[in-house]
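Report on the structure given below.
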DNA sequence: GTGGTCTAGACCACG
DNA sequence: GTGGTCTAGACCACC
C-alpha cells in the first residue's frame, strides 16, 4: 500500500503522513474508507506501532482522518478547507529555499512550473470530483 | 543583514544557509564579496559560532562560498551549476508534500504558480544576467 | 431520544451516562419511567449492546436507575443525594483545568458564571420541585 | 515543583499539562522562564522522559510554551488568546455533565459559583496584571 | 479487535 | 547540554 524509506532523513512518521495525505488527496483513499489498523500498518511497513500511531494522530489533528473508538481509523468525510493564513505563510517560507536550491541545481522557472503541472497530473482526475 | 527565527523548527544553521543562498542568488551578495567572519555573524544573529561555522562549511561544500585561509570567506566567482539528478529528485520529493499541504490549506494550482512568479519577481532583475 | 457522537474522545458509554443523567435531572425521564432495553437502545444509537449495558450498570451503581429482573430498567424513585466528599473533590479537581482552559480560550469569570446560569435554565423548572 | 499522581485515571502527561498551565496562568511561571529540561522534569516526577516530552509538545502546540532549539523549553511571551468557538463549545460540553454530577453529589448552584470564585482567588492577583 | 498510555533504553541532530 | 525520533514491549480502556 505505501512505501517507506527507513534510510531517509525525513522521519518515518512524516513519510507516513505524506504518503497517506497523498493517497487521500488523489482519491485512492476515499472518505469513509478504513485505514489499516496501527498494528497492521506497522507490520506492513516494518516499523514500531508507536511510529504509526504518531502519524495517525497528527493526521487526525489535521482533520484528514478520524478514529472511531474501538472500531478503527477512517478517512474523514470532508477534509476541512480552513484557509489558514499562518499555514500558508509557513508553506511559502518552506517553498522559497526549495526553489532557490532548484535553481542552483540547474532548473529554471519554466521547469518548476512544469513539475507543478506533473504533480497536478499525478494527483489527477479524482481531484475535481472531490472539491 | 540576515534575520533568524530561533523558534522555527528549521535548524538555525539551515536558516543561515537559506538566507545567504537567497542573497547570493538575488545578487545582493556578488561574487568576490566578503562575508562577515564566523564570529561577527554569530554575534549579529546571536547564536553559537559553531552554528555559523556549520552553515559556512555546508555553503562551501555546495560551492556557493569559498574560504581563503587567513583572509576570510568570500562569495564564489561562479556558482557551479552542476545538473545533479539526485539533487533534483530530492527537491521534487520535498516539493510534493508541500504542494499537497498547500491544497489542504485551501490554495489551488494557479495560486501556487503565482507564488513561483512572486519568488521570481522577488529574486529579481539580476537573475537573467546570471543565467 | 438521545444523541451520541462516535467521533468524540469521551467514551460512548460515558456519553450515554451523561445524556441519561441529564434527562433524569431535567425531569424528562421521571421516576418510574421505563428505559429502552439494552437492545433497543443499542439499536437506536447504533452501538454495541455491551456498551449500553456498561452504561446502565454504572447508572444503576450510582442509584439513578434500577433493573427489575425480567421486567426492564426503570428510573429510580428518588435519586439518593449522598453527599460524597470524595466525589466532590474529584469534581473540583476536574473543574479547575477546564476553567483554566476556558480562560486561555478567551473566556472570563463572569461568562463562566453565566454558563452555569444557562445550564440551570436549560435544566429548568422541574429542578426546584426535585430539590 | 509539580505533583503527579501516578494512580490517577487521568494520564500522567495530561496531569503535567494541567499543572504547568495552572502555574503559567497563576504567574508562578512567567513568560520567558525556562522550564526544567525533559530529563530533569522526568526525574523530578519520576516518569519516563517520553511522557514529559509528550506534555511539552502539547503545551507548545497550544502556544503556552515554546522550545528554542538546543537551548531548552520556555514559557511563551504571550499566550495567544484566540477566541476559538469550537474550543469553547467543547469546554461547555465537558462542563455540563460535571455540573450535573455535582448536583447528584448534593451540591447546588450557589456552591458551584462559589467554587469558581475559589479558583479565581487561588489563581489570584497576578491574573489581572497579565491580561 | 481497536487505539491510548507508559516504560526502558537507544541514537541522533542541534547549539 | 537540549529536544526529536525510534524500538521493543507492556498494560489498559473501549467496542
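Chains as they are written, first to last, in my numbering: chain A, 1474 to 1604; chain B, 1474 to 1604; chain C, 1474 to 1604; chain D, 1474 to 1604. Every residue, glycine too, gets a C-beta built ideally from N, C-alpha and C.
- Residue 1485 of chain A is a Cβ neighbour of residue 1477 of chain A, given a cutoff of 8 Å.
- Taken in chain order, the complete beta strand (DSSP E) segments of 3 or more residues contained in the segment 1506-1575 of chain D are 1538-1541, 1545-1548.
- Judged by DSSP secondary structure, residue 1494 of chain B falls within the alpha helix (DSSP H) whose first and last residues are 1485-1499.
- Residues of chain A with a Cβ closer than 9 Å to the Cβ of residue 1518 of chain B do not exist; the shortest Cβ-Cβ separation is about 17 Å.
- Using a Cβ-Cβ cut-off of 7 Å, residue 1484 of chain B is close to 1542 of chain D, given in chain order.
- Inclusion of residue 1545 of chain B and residue 1507 of chain B in the CB contact set at 8 Å is warranted, their separation being smaller than that value.
- Here residue 1575 of chain B has 1585 as same chain residues with Cβ atoms under 7 Å from its own Cβ, once five neighbours each way along the sequence are excluded.
- Taking a contact as a CB-CB distance under 8 Å, the pair residue 1481 of chain A and residue 1488 of chain A counts as one, their CB atoms being some 7 Å apart.
- A Cβ-Cβ separation of about 6 Å places residue 1571 of chain A in contact with residue 1568 of chain B under the 8 Å criterion.
- Contact check for residue 1539 of chain C against residue 1526 of chain C fails: the beta carbons are separated by 8 Å or more.
- In summary, the residues of the segment 1559-1572 of chain A whose CB is separated from some CB of chain B by less than 8 Å are 1560, 1561, 1564, 1565, 1567, 1568, 1569, 1570, 1571, 1572, in the order they occur in the chain.
- Using a 10 angstroms sphere on the CB of residue 1551 of chain A, the tally of other CB atoms stays under 16, which defines it as exposed.
- Judged by DSSP secondary structure, residue 1596 of chain D falls within the alpha helix (DSSP H) whose first and last residues are 1582-1596.
- Taking 8 Å as the CB threshold, residue 1534 of chain B stays off the interface with chain D.
- Taking all protein chains shown into account, residue 1524 of chain D has 16 or more neighbouring C-beta atoms within 10 Å of its C-beta and is therefore buried.
- Short of 7 Å from the beta carbon of residue 1560 of chain C, and not among the five residues preceding or following it, lies no beta carbon of its own chain.
- Excluding its 5 nearest sequence neighbours in each direction, residue 1512 of chain C has C-beta neighbours in its own chain below 7 Å: 1522, listed in chain order.
- Contact between residue 1534 of chain A and residue 1479 of chain C is absent: CB atoms are separated by about 18 Å, not below the 8 Å threshold.
- For the 8 Å CB-CB criterion, residue 1504 of chain C and residue 1517 of chain C do not form a contact.
- Closest option to residue 1497 of chain C, judged by alpha-carbon separation, among C:1557, C:1547, C:1589, C:1588: C:1547.
- Straight-line measurement puts the Cα of residue 1475 of chain D at about 26 Å from the Cα of residue 1587 of chain D.
- For the 8 Å CB-CB criterion, residue 1578 of chain A and residue 1564 of chain B form a contact.
- Residue 1555 of chain A counts as exposed, since fewer than 16 other C-beta atoms from the protein chains shown sit within 10 angstroms of its C-beta.
- Not one beta carbon of chain D lies nearer than 8 Å to the beta carbon of residue 1522 of chain B.
- Relative to residue 1492 of chain A, the option among B:1573, B:1530, B:1528 whose CA is nearest is B:1573.
- At least one CB atom of chain B sits nearer than 8 Å to the CB of residue 1555 of chain A.
- Interface residue (Cβ-Cβ distance to chain C less than 8 Å): residue 1539 of chain A is classified as such.
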